[in-house]
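There are 6 protein chains.
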Amino acid sequence: MPAAAINYDEASAEVRAVFDDIKTSRNVPDVNNFWKYLARDPALLKRTWESVKEVMAPGALDPLTKEMIYLAVSVTNGCGYCIASHTAAARKAGMTDAMFGEVMAVTGMANETNRLANGYRVPIDKMFE
Amino acid sequence: MPAAAINYDEASAEVRAVFDDIKTSRNVPDVNNFWKYLARDPALLKRTWESVKEVMAPGALDPLTKEMIYLAVSVTNGCGYCIASHTAAARKAGMTDAMFGEVMAVTGMANETNRLANGYRVPIDKMFE
Amino acid sequence: MPAAAINYDEASAEVRAVFDDIKTSRNVPDVNNFWKYLARDPALLKRTWESVKEVMAPGALDPLTKEMIYLAVSVTNGCGYCIASHTAAARKAGMTDAMFGEVMAVTGMANETNRLANGYRVPIDKMFE
Amino acid sequence: MPAAAINYDEASAEVRAVFDDIKTSRNVPDVNNFWKYLARDPALLKRTWESVKEVMAPGALDPLTKEMIYLAVSVTNGCGYCIASHTAAARKAGMTDAMFGEVMAVTGMANETNRLANGYRVPIDKMFE
Amino acid sequence: MPAAAINYDEASAEVRAVFDDIKTSRNVPDVNNFWKYLARDPALLKRTWESVKEVMAPGALDPLTKEMIYLAVSVTNGCGYCIASHTAAARKAGMTDAMFGEVMAVTGMANETNRLANGYRVPIDKMFE
Amino acid sequence: MPAAAINYDEASAEVRAVFDDIKTSRNVPDVNNFWKYLARDPALLKRTWESVKEVMAPGALDPLTKEMIYLAVSVTNGCGYCIASHTAAARKAGMTDAMFGEVMAVTGMANETNRLANGYRVPIDKMFE
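Residue numbers (the numbering used here), protein chains in the order written: chain B, 4 to 132; chain Y, 4 to 132; chain U, 4 to 132; chain E, 4 to 132; chain X, 4 to 132; chain V, 4 to 132.
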């Protein structure tokens, strides 16, 4: 059992404090599995949550745009858990079916043209340097 | 010389038609290297341009959001040419320094948490299925 | 049925010789699925086992360090089978919970900063060349 | 100029504080380019440095082992800057030529067998679940 | 339910036209899940099918060679669905067990030596430029 | 200088034996940089060359097909050195401009549809299992 989940009842005070902050910040009744697994390493849990919270907060980009970028990266990397959880998060933030379709289309196209640029060994244009 | 550029003067009528459409659609005096290299294969050039034109057109998502997603994928894949050209394209579409910083921060974070989810072998929550 | 397992009873003498060497070298009662599937191609099975045996033997690095590096690569690539089998192998070689947490933390961080370096297009410092 | 370096002289007090901490912690006369580029986004600079400092500190694993894992991930991802800088960092932490050779050998082998496991569609053994 | 399948009975005329063309072109009684899921976005479905049809048609390379290249890429990316479907497609196009074994061996080897070239930072030979 | 080239004159007898075999097998006056860099680790050099020689020999697939698969994987991984050297090797083995174009088109398409399958979370069809 290299990495089982830690539930709220069995969590240390340190872990509970992070879980509580996630639940409050996201207004959810329980944290999702990702956090329960990271809880095996309280320092990692705390650092990861604080970074995610800071990075995903509204700023120059709104939370929906950020979630769609997160999803596009997860799809590119083929991370099953992340695709499922960030599709849900993006939908919660307002992603419609049409938006989802366009995120997929752009992600697919970028993955294709990235390889065409590699294979044709295209040198960077002066104006892009 | 596995893949040299084809310039407008030396291009066939078929290739020129695509180059002209790119120049008009984007309002640029010349096409960038990517298209000059793909021109080696006129069918690939035409199909790729038509797909990119359709995918990147305003729809449920605006062009700036699409360019930032394109950039996030290119950064994840480490495609040097694509990072340079799509950073330029995103800036032209309105990406500010602050937006660029947030695209990078989200892309970096997603690449990190994708691996944490892999390594901790986190099972997908029922609610995400 | 593109690639089913070959068990010891049904294996050729050539395949059994490799299976026997794996069982003896690792002191295990049976080989794991990876080898049973590769056994479809006896030359691949033999070459892969001999390379793995040579590469993973104690040398300038001890077997535990090697297994943790193997795990970090497998997590980066998102190979489910490899993450499961090399987590087990690393634990057998002495990886504690704390060590596992640190392998994950370093792997996650490297995947993040790799993309920040890509996206910010950081030129290599003279002293690193 | 999408992402130029920020040098110490032109840096804000906030950025200088991070630069000073890097220089002190690592006992180096100047920070390397990675940090000068991230300095465009002071919040990202601070968060990334604090995370790297925490993650790479001696713990259950020594700094050399951590640097070699960092290098293996960077090689897998093909990040040129990261390969150069973490090869240097690992050497500074004590990586010999023989150790470097073994890190490369394990990284190469893991990348090969990850794909063999994918392609042969090997199911996870009960004992690894 | 972020992306459920659309079956023929419930499909629009636009989607049915694509499904019919796939069934005729491939001489199959029904389309496979990939197309049923893409059908959520009729424009993406149509564009993707037309591109795949054009790219995979016999040309300078025969369909079997193309399917084996498709499989090698899918194995490298670790896309479970694509590995399953393109192994089947390659077998239908004539891939024998021996050919499958050699595709895997080459794919594995390329993934290994790609990383050795990265890690040893091998400069491109003049004659390859 | 973490990984400089070793030339024939300065090579040990062990390394020269491998270099000689490469030169004879490929009928070339000198080995390319990849081998000169691996020569830092004679055991790795020997094992890698013997594996490459065995894997790339004519078998159920001809050398040209194998080189095109090698190229497709290298393009997918974005390995600059490998793209350059295997484009040259494929050309030497008979790859025409038209074949090169089709390898690129299939590689690009596979990279796109791999992500569409990931993002739409397409379940594997019964007939492909």
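In this text, a Cβ means the ideal position worked out from N, Cα and C, and glycines have one as well.
Between the segment 117-129 of chain E and chain X, which residues of the former have a C-beta closer than 8 Å to a C-beta of the latter? Those residues of the segment 117-129 of chain E that come within reach of chain X (Cβ to Cβ, closer than 8 Å) are N117, R118, L119, N121, G122, Y123 and R124.
According to the Cβ coordinates, are N35(U) and C82(E) closer than 9 Å? In this structure, N35(U) sits away from C82(E), with a CB-CB distance that is not shorter than 9 Å.
Please report the distance separating the alpha-carbon of N10(Y) from that of A42(U). Taking the straight line from one Cα to the other gives about 52 Å.
Checking contacts by CB at 9 Å: is F37(E) closer than that to chain U? So, interface residue.
With 7 Å as the limit, tell me which residues of the segment 50-74 of chain U have their beta carbon closer than that to any beta carbon of chain V; keep them in chain order. For the segment 50-74 of chain U, the set of residues with a beta-carbon nearer than 7 Å to any beta-carbon of chain V comprises R50, S54 and E57, in chain order.
Hey, would you say M71(V) sits closer than 9 Å to M112(V), going by beta carbons? Taking 9 Å as the cut-off, the beta carbon of M71(V) is found no closer than this to the beta carbon of M112(V).
Unbroken alpha helix (DSSP H) runs of length 4 or more, entirely within the segment 30-118 of chain Y: which are they? For the segment 30-118 of chain Y, whole alpha helix (DSSP H) runs of length 4 or above, ordered along the chain, are 36-41, 45-59, 66-80 and 83-95.
If we ignore side chains and look at the alpha-carbon of each, how far apart do N114(V) and V125(X) end up? The alpha-carbon of N114(V) is positioned some 26 Å away from that of V125(X).
Here's a check: name, in chain order, each residue in its chain whose Cβ is nearer than 7 Å to the Cβ of S77(V), leaving out the five neighbours to either side. For S77(V), where only same-chain residues beyond five positions count, the Cβ hits under 7 Å are C85, I86 and H89.
For D128(E), which of helix, strand or coil comes out of DSSP? D128(E) falls in the coil class under three-state DSSP.
Between N192(B) and chain U, is the shortest Cβ-Cβ distance under 9 Å, so that the two count as touching? This structure cannot settle anything about residue 192(B), because the visible part of chain B is limited to 4 through 132.
Which term fits V31(U), buried or exposed, when burial requires 16 or more other beta carbons within 10 angstroms of its beta carbon? Taking every protein chain shown into account, the CB of V31(U) has fewer than 16 other CB atoms within 10 angstroms, so this residue is exposed.
Secondary structure of N121(U), DSSP reduced to three states: Taken through DSSP and simplified to helix, strand or coil, N121(U) comes out as helix.
Going by CA-CA distance only, name the one from V18(E), K26(E) and Y40(E) that's closest to I127(U). Put simply, of V18(E), K26(E) and Y40(E) the residue whose alpha carbon is nearest the alpha carbon of I127(U) is Y40(E).
Decide if K69(U) is buried, meaning its Cβ has at least 16 other Cβ atoms within 10 Å, or exposed. K69(U) should be labelled buried.
Distance, Cα to Cα, A96(B) vs L67(B)? Taking the straight line from one Cα to the other gives about 5 Å.
Exposed unless 16 or more other CB atoms sit within 10 angstroms - verdict on P29(V): Pro is not the amino acid found at residue 29(V); the sequence shown has Arg there. Counting Cβ neighbours within 10 Å, R29(V) comes out exposed, since fewer than 16 surround it.
Count the other CB atoms within 10 Å of the CB of T1(B); is the residue buried (16 or more) or exposed (fewer)? Residue 1(B) is absent from the structure shown; chain B starts at 4 and stops at 132.
Along chain B, in chain order, which residues have C-beta atoms closer than 7 Å to that of N80(X)? Those are G81, listed as they occur along chain B.
Contact set between G104(U) and chain B, taken where Cβ atoms lie within less than 7 Å: Here the neighbours are R43, D44 and L47.
Check whether the Cβ of P5(X) lies closer than 9 Å to any Cβ atom in chain B. Interpretation of P5(X) is limited by its pLDDT of 45, a score under 50 that renders its predicted location unreliable; no figure is taken from the coordinates.
Thinking C-alpha only, which one of A75(X), T99(X), E132(X) and A7(X) is nearest A92(V)? For the residues A75(X), T99(X), E132(X) and A7(X), the minimum Cα distance to A92(V) belongs to E132(X).
Mind pulling the chain B residues with CB within less than 7 Å of F131(Y)? Chain B residues near F131(Y): A87, S88 and A91.
Between S54(X), V106(X), N117(X) and D23(X), which has its C-alpha nearest T116(V)'s C-alpha? From the listed residues S54(X), V106(X), N117(X) and D23(X), the smallest Cα separation to T116(V) is found for S54(X).
Would you mind telling me which residues of chain Y sit closer than 7 Å to V133(B), beta carbon to beta carbon, in chain order? Residue 133(B) lies beyond the range of chain B shown here (4 to 132); nothing can be said about it.
Quick test of your reading: V21(U) and L47(U), contact by CB under 8 Å. State the CB separation rounded to the nearest angstrom. Contact flag wrong, Cβ pair sits at about 10 Å.
Please check if any C-beta of chain B sits within less than 9 Å of the C-beta of N114(Y). At least one chain B Cβ lies under 9 Å of N114(Y).
Report the three-state DSSP secondary structure of S28(U) (helix, strand or coil). Helix.
Can the beta-carbon of A63(B) be found closer than 9 Å to that of V109(B)? Going by C-beta atoms, A63(B) is not nearer than 9 Å to V109(B).
Rounded distance between the beta-carbons of P45(U) and E17(U), thought under 8 Å: The Cβ separation is near 5 Å, so the contact holds.
From A7(B), A8(B) and E105(B), residue whose alpha carbon lies closest to that of Y123(V): Nearest of A7(B), A8(B) and E105(B) to Y123(V), Cα basis: E105(B).
Taking all protein chains shown into account, decide if A7(E) is buried (16 or more other Cβ within 10 angstroms of its Cβ) or exposed. With fewer than 16 Cβ atoms within 10 Å of its Cβ, A7(E) is classed as exposed.
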